[in-house]
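Below is one structure, written out as structure tokens; the observations come after it.
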Amino acid sequence: MSNEKVITGGCLCRQIRYEASGAPLMNVLCYCENCRKVTGSICMANSMYPKPQVRILSGEEMIKTYDDDQTDSGSVLNRSFCSNCGSCLFTTRTVNGVTGDFVVLPSGTFDLGVGNEEWVPQREFYCKNRASWLPPLENTVQLSTM
Ligand SMILES: [Zn+2]
Ligand SMILES: [Zn+2]
178 MSNEKVITGG
188 CLCRQIRYEA
198 SGAPLMNVLC
208 YCENCRKVTG
218 SICMANSMYP
228 KPQVRILSGE
238 EMIKTYDDDQ
248 TDSGSVLNRS
258 FCSNCGSCLF
268 TTRTVNGVTG
278 DFVVLPSGTF
288 DLGVGNEEWV
298 PQREFYCKNR
308 ASWLPPLENT
318 VQLSTM
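Taking our numbering, I'd label the letters of the sequence shown as residues 178 to 323.
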């Protein structure tokens, strides 16, 4: 056994469970319109992992995927969710029919302790869409788009 950090997570109804091991490539808040729509919130808080670091533990048959092709970048975002409870789960990106080798996990599905201190954003995407009442964060790279 390695002593890599393993974080577990899953959907609201707990049928889909996963684990992510090691460090994420990046933690990002995204304020783009698509991320707002898919979460129903003011932004999406995401961790990007190399695919081999993420393992589905249960409920794989419950996963449904919506291919979001109305993106700013023109690439297709394969946004998966639980077909039972609707929680957002894994997102991958497909460009010209080729799916990328990273997977995006929404940090709200991680099993984090009180205060969620383990998850800290490093970048903010689509700050041009950021709500004006939300004070700027310290220690993030803030990008107008991405
Ligand atoms: Zn569920
Ligand atoms: Zn976004």
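The beta carbon of each residue, even a glycine, is placed where N, CA and C say it ideally should be.
Asked	Found
For Lys241: DSSP bridge partner residues	Phe258
Residues that DSSP places opposite Glu301 in a beta bridge	Leu206 and Gln319
Pairwise C-alpha distance: Thr248 and Ala200	27 Å
Identity of the residue in Tyr243, Asp288 and Ser250 nearest Arg256 by Cα	Tyr243
Thr268, buried or exposed, once every other Cβ within 10 Å from all chains shown has been counted against 16	buried
Top-ranked residue by Cα proximity to Glu237, from Glu301, Arg194 and Ser309	Arg194
Pocket of ligand 2 defined by Cβ to heavy atom distance under 5 Å	Cys207, Cys209 and Cys212
Cβ separation of Leu189 and Ser264, assumed to be a contact under 8 Å, to the nearest whole Å	5 Å
Whole-angstrom distance between Ile233 and Tyr303, CA atom to CA atom	30 Å
Chain-order list of residues whose beta-carbon lies under 7 Å from that of Gly187 (same chain, five-residue window excluded)	Ile193, Arg194, Tyr195 and Thr286
CB of Ser224 within 8 Å of CB of Asn204, strictly	yes
Bridge-paired residues (DSSP) for Glu196	Thr185 and Arg232
Val231 versus Glu181, Val297, Glu315 and Arg300, residue with shortest Cα-Cα distance	Glu181
Cut-off 6 Å between Cβ atoms - residues of its own chain near Asp288, not counting five sequence neighbours on either side	Thr185 and Gly186
Closest Cα partner of Gly274 within the set Asp246, Tyr208 and Met239	Asp246
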